[in-house]
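>
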Amino acid sequence: MNSVFSSVIPARRFEEASPLVGEAGIHIIWIPCQARNDIGFFMADQLIIYQKFYDLVVWLFPVINRIPKSHRMVVGKHLEELCISILLLLIKANKSRGQERAVMQQNISDELDCLRILTRLTKDLRLMSVKQYTLASEKLNEIGRIMTGWVKCQESKEGIKQQALL
Numbered sequence: 158m159n160s161v162f163s164s165v166i167p168a169r170r171f172e173e174a175s176p177l178v179g180e181a182g183i184h185i186i187w188i189p190c191q192a193r194n195d196i197g198f199f200m201a202d203q204l205i206i207y208q209k210f211y212d213l214v215v216w217l218f219p220v221i222n223r224i225p226k227s228h229r230m231v232v233g234k235h236l237e238e239l240c241i242s243i244l245l246l247l248i249k250a251n252k253s254r255g256q257e258r259a260v261m262q263q264n265i266s267d268e269l270d271c272l273r274i275l276t277r278l279t280k281d282l283r284l285m286s287v288k289q290y291t292l293a294s295e296k297l298n299e300i301g302r303i304m305t306g307w308v309k310c311q312e313s314k315e316g317i318k319q320q321a322l323l
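The opening position of the sequence shown corresponds to residue 158 in my numbering, with each subsequent residue numbered one higher.
Next comes the structure, spelled out in structure tokens:
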């Protein structure tokens, strides 16, 4: 398959991904909502949102460590705690189902909003460069869009189940 996306989405992670040819012969990779491992659970590292957020955390922690000590214990500590909290919530939401997952997804969205605000505060206090803030906010916006898609996918699955019960 000579797809533009073949190097972006490794086949070993998405065994159920199937290539499609869209309009004008453009190759599209379709990944079903439920790419599962052998024992029937989603693997957290297979979630695109988990991968993106993990990459953000790996990038953000050294930035936080460069914050002056006077602010690191307050702002830096909260940034680190939010990042770890979101990572753990992503893993828990991934393993939960139904209403419990919806609640966790809402908690993740709330924590992402808090992280956006603290990141902006860090930039406004000049503890982070504008370039670093721009990169962080772009990554957070991308993660937010992925989160919205995950919620909509979950809602559509719940809607299908409700219709099947009627």
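Every residue gets a Cβ at the ideal spot worked out from N, C-alpha and C, and that includes glycine.
With a threshold of 8 angstroms on Cβ separation, who are the neighbours of SER294 within its own chain once the five nearest residues in sequence on each side are excluded?
Position 137 of the sequence shown, counted from the start, is the residue given in the question as residue 294. The answer, listed in chain order, is ARG273, THR276 and ARG277.
> Quick check: the segment 307 to 315 against the segment 216 to 234, are at least 3 beta-carbon pairs closer than 8 angstroms?
no
> Take LEU282 as the anchor and find which of VAL232, SER266 and GLU299 has the nearest alpha-carbon.
Taking the sequence shown and counting its residues from 1, the one referred to as residue 282 is at position 125. Looking at the Cα atoms, VAL232 is the closest of the given residues.
> Label LEU245 either buried or exposed according to how many other C-beta atoms from any shown protein chain fall within 10 Å of its C-beta, with 16 as the threshold for buried.
In the sequence shown, residue 245 corresponds to position 88, counting from 1. Exposed is the call here.
> So GLU268 packs on SER286, CB below 8 angstroms; how close in whole Å?
Against the sequence shown, residue 268 aligns to sequence position 111. Against the sequence shown, residue 286 aligns to sequence position 129. Contact doesn't hold; Cβ gap of about 24 angstroms is too wide.
> From which residue to which residue does the alpha helix (DSSP H) around ILE224 run?
Along the sequence shown, read from residue 1 onward, the residue named residue 224 stands at position 67. Element bounds for ILE224: n/a, residue is neither H nor E.
> Take the Cβ of GLN256 as the centre, count every other Cβ of all protein chains shown within 10 Å, and call the residue buried at 16 or more, exposed below.
In the sequence shown, counting from the first residue as 1, residue 256 sits at position 99. Exposed, since its Cβ has fewer than 16 Cβ neighbours within 10 Å.
> Helix, strand or coil, according to DSSP, for SER294 in the structure here?
Taking the first residue of the sequence shown as 1, we reach residue 294 at position 137. In the structure shown, SER294 falls within a helical segment according to DSSP collapsed to helix, strand and coil.
> Go ahead and pull the three-state DSSP assignment for MET261.
For the purposes of this step, residue 261 is taken as residue 104 along the sequence shown, with counting starting at 1. Correct three-state label for MET261: helix.
> Under a three-way DSSP split, which group does MET285 fall into?
To locate residue 285, count along the sequence shown from 1; it is residue 128. It is coil, neither helix nor strand.
> I think TRP132 touches ILE221, with their Cβ atoms under 8 angstroms apart; what is that distance to the nearest whole Å?
One cannot answer for residue 132 here, as it falls past the ends of the chain, which runs 158 to 323.
> Quick check: what's the CA-CA separation for LEU239 versus ARG254?
Here the question's residue 239 lines up with position 82 in the sequence shown. Here the question's residue 254 lines up with position 97 in the sequence shown. Approximately 23 angstroms, taken between the alpha carbons.
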